[in-house]
Amino acid sequence: MSSELAFVIGYDISNPRRLLRVHREMCKHATPLEYSIFLLVGSEAAKDRCLEEIDALIKPLEDDVRCYALPARGFQGRVGRASLPAGIVWTGLPAAIA
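The opening residue of the sequence shown carries number 519 in the numbering used here; numbering runs sequentially from there.
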């Protein structure tokens, strides 16, 4: 089964140098939604690969990395004002959340 899944991955890294390394690595695997919140759209194996790479960079007793699977047909909503002006659509987001 090769259907794409969606995962939200977030982290809290205590050391600025490790934080930058983790951010760079995450950008290779997923789309940043905020500085430390990412959307990974892919297979379970792709998610596992990403987390293995991140695990090699962090200190588990000092840092926190969390991954949440999103439901395939879950509710999508927005609270607050739009991040882009009316009429502007960011096409960088994967189809899973567009």
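We put the CB at the ideal spot given by N, CA and C, even for glycine.
Environment of residue i [buried if 16+ CB atoms lie within 10 Å]
| i | result |
| --- | --- |
| ALA574 | exposed |
| ALA616 | Annotation note: pLDDT 49 at ALA616 (below 50); position unreliable, coordinate value reported separately. The residue is exposed, with fewer than 16 neighbouring Cβ atoms inside 10 Å. |
| TYR586 | exposed |
| CYS568 | buried |
| LYS565 | buried |
| ALA604 | exposed |
Sheet register partners of residue i (DSSP bridge)
| i | result |
| --- | --- |
| PRO550 | PHE556 |
| ALA524 | VAL559, LEU588 |
| VAL583 | TYR529 |
C-alpha gap between residue i and residue j, whole angstroms
| i | j | result |
| --- | --- | --- |
| PRO589 | ASP581 | 26 Å |
| MET553 | HIS541 | According to the sequence displayed, residue 553 carries Tyr and not Met. Using only the alpha carbons, I get a separation of about 8 Å. |
| GLY592 | LEU538 | 32 Å |
| VAL526 | VAL559 | 9 Å |
| HIS547 | LEU523 | 13 Å |
| PRO578 | LEU551 | 23 Å |
| ARG599 | ILE606 | 14 Å |
Inter-residue CB distance, residue i and residue j (contact presumed, cutoff 8 Å)
| i | j | result |
| --- | --- | --- |
| ILE576 | ARG535 | Going by Cβ atoms, the distance from ILE576 to ARG535 rounds to 12 Å, so no, they are not a contact pair. |
| GLU543 | GLU571 | 5 Å |
| VAL597 | TYR529 | No, VAL597 and TYR529 are not in contact; Cβ-Cβ is about 23 Å, not under 8 Å. |
Nonlocal neighbours in the same chain, by C-beta distance under 7 Å from residue i, ignoring five residues either side
| i | result |
| --- | --- |
| SER532 | GLU580, ASP581 |
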